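With positions in the sequence shown counted from 1, the corresponding number in our numbering is that position plus 215. Just so you know, even glycine gets a beta-carbon here, dropped at the ideal spot from N, CA and C. Computed from a predicted structure; not experimentally measured.
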Amino acid sequence: MPVAEQVVGMLLVLTNRLFIASQEVKNGIWKREENRGMELLGKTFGIIGYGNMGKATAKRLSGFGMKVIFYDILPDLEDVYAKQVSLQELQNESDIISLHIPETPDTYHLVNEHFIAQMKKPFYLINTARGKNVKTKSLVEGIQSGKIKGAALDVLEFEKASFEQLETQNTDLQFLLNSDKVLITPHIAGWTHESKTKLAQVIVDKILETFELRD
216 MPVAEQVVGM LLVLTNRLFI ASQEVKNGIW KREENRGMEL LGKTFGIIGY GNMGKATAKR
276 LSGFGMKVIF YDILPDLEDV YAKQVSLQEL QNESDIISLH IPETPDTYHL VNEHFIAQMK
336 KPFYLINTAR GKNVKTKSLV EGIQSGKIKG AALDVLEFEK ASFEQLETQN TDLQFLLNSD
396 KVLITPHIAG WTHESKTKLA QVIVDKILET FELRD
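Have a look at this one:
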């Protein structure tokens, strides 16, 4: 699952400020204390949505010495990689939250000012799911207040339907684009060379299956 691999990559880059430190060094700036990172060992990683992507993420995190918990609307999904908890428990315990949910009326702006206020600790947010799962204005306010320590976003509320470009005329989006606490990628989680080959094979298999049914 390449999405799960991107989540892990984003986690490491975000919590160690690698994206900022690298750019600073390239610009002749040498800062060590300002780019001090956070160890993952002993931290709690909270997953919202424990479908294929959530499970794959938990599996890949198993070697980091983290406590992995998850919330899902379906019961009895717990496995060896993560413990199922209530949403309130997840908000009480998590140092990092990663979203792995579809966009539905129930998940629209799930991460909003109320959700953020219910978080017991300052936390990092990772979103590789759907842009509209997060209310951008609330995200910005959370970062500004320090309640959100940083965010890694592969999806944005302001993406156009094609996912090819952004609705850029928005002050909250401009804040995210210019913040040194925000890592943004252009909807590429899962967009690997291998996934392209696999998708092509799925299409071929579907075509063959259709012709076989006609016969």
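Check, Outcome
"Thinking C-alpha only, which one of G264, I235, G257 is nearest N250?", "I235"
"Going by alpha carbons, who is nearest to M216 out of I288, G269, T351?", "G269"
"Quick check on this structure: which residue in Q389, D321, L354, E239 has the alpha carbon closest to the alpha carbon of A332?", "L354"
"Pick from A366, V300, L229, K362: whose alpha carbon is nearest that of G264?", "V300"
"According to DSSP, is K336 helix, strand or coil?", "coil"
"Which residues in the same chain have their Cβ closer than 8 Å to the Cβ of V223, if we skip the five residues on either side of it in sequence?", "T272, R275, L276"
"Could you check the C-alpha separation between L368 and L398 for me, to the nearest Å?", "6 Å"
"Just how far apart, CA to CA, sit K421 and L371?", "31 Å"
"Tell me whether Q299 sits in a helix, a strand or coil according to DSSP, three-state version.", "strand"
"Consult DSSP for F373 and reduce its assignment to one of helix, strand or coil.", "coil"
"For the region 343 to 359 and the region 319 to 326, state whether three or more C-beta atom pairs, one from each stretch, are separated by less than 8 Å.", "yes"
"Beta-carbon within less than 6 Å of V431's beta-carbon, same chain only, minus the 5 sequence neighbours each way: which residues are those?", "Since the first residue shown for the chain is 216 and the last is 430, residue 431 is missing from the structure and cannot be characterised."
"Judging by CA-CA distance, which residue of R232, H315, F426 is the nearest neighbour of I288?", "H315"
"Rounded to a whole number of angstroms, what is the C-alpha to C-alpha distance between N242 and T386?", "27 Å"
"Run through the DSSP bridge pairs and tell me what N250 is partnered with.", "None, per the DSSP bridge assignment."
"Tell me the rounded alpha-carbon separation between F330 and Y286.", "14 Å"
"DSSP three-state call for T230: helix, strand or coil?", "helix"
"To which residues of the same chain is E239 closer than 7 Å at the C-beta, ignoring the five residues directly before and after it?", "K246"
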